[in-house]
Structure formats: C-alpha cells, structure tokens
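*Asks:* Here it is: the structure, laid out below.
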Amino acid sequence: MECISIHIGQAGVQMGNACWELYCLEHGIQADGTIPGPKVAKPTEPEAEQVDSSFETFFCETASGKHVPRAVFIDLEPTVIGNKAWVYQPWSCTAG
C-alpha cells in the first residue's frame, strides 16, 4: 500500500513540511533522504522485529538510494516551499 499527501497553499505547505519532518524522524530517515547504518542483504524470511518497511508507504526510493516523501506541494508563493524543496522530488513542488 502506498500513500500520497497533497499540500496546497501556505498553511497546507507549512503543515505538510512539519508532518514530513516527523515522518522522517519516526522512520529514521535523515534530512538528505538517507537511512544511516550498514546495508545488509535481506534474509529470505525476516523476523517481524527485523522488518520495518512501513516507510515505503510514505516514501519512495530514488535511483541514488535516497528516500523522498510521496507528497505534492502547491503554492503560488515560491518562498513558502523555499528551504525545504531540496528534500522532495523536483516534480512534487509547484510554485507560481
């Protein structure tokens, strides 16, 4: 299952940014989209406590291995999206 969020207008974008910061903290994703720690091959039948792929519901993995939010931000004023735009995919932030 996948989930996408749509944030429209100044208040929507600001609330969306706050929510995504919390999602990143909850799932251990750093501001640059990376997950710290060594990459380990997945076992064929992982135990429940070893599996935390719930972030795949809210994040998608890029070709470079970074995890970016499944979100769309729309606002007429580009400064609202401003300093957080680098966290998201370029197509997901629309301003103007």
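The sequence shown begins at 1480 in the numbering used here and counts up one residue at a time.
Each residue gets a CB set at the ideal place from its N, CA and C atoms; glycine is no exception.
Could you check what DSSP says for N1496 in three-state terms: helix, strand or coil?
*Replies:* helix
*Asks:* Compute the beta-carbon to beta-carbon distance between C1482 and R1549, rounded to the nearest angstrom, for a pair I have assumed lies under 8 Å.
*Replies:* 6 Å
*Asks:* Please classify I1508: does DSSP put it in a helix, a strand, or coil?
*Replies:* coil
*Asks:* If you follow the beta strand (DSSP E) that P1421 is in, where does it begin and where does it stop?
*Replies:* No answer is possible for residue 1421: the residues shown for the chain start at 1480 and end at 1575.
*Asks:* Take A1490 and list the residues in its own chain whose beta-carbon comes closer than 6 Å to its own, dropping the five residues that flank it on each side.
*Replies:* none
*Asks:* Using only the alpha-carbon positions, how far apart do T1558 and D1511 sit?
*Replies:* 20 Å
*Asks:* Please report how far the alpha carbon of T1513 lies from the alpha carbon of L1501, in whole angstroms.
*Replies:* 15 Å
*Asks:* Which first and last residues belong to the beta strand (DSSP E) in which I1487 is found?
*Replies:* S1484 to I1487
*Asks:* Return the bridge partner residues of E1540 from the DSSP annotation.
*Replies:* As a beta-bridge residue in DSSP terms, E1540 pairs with H1546.
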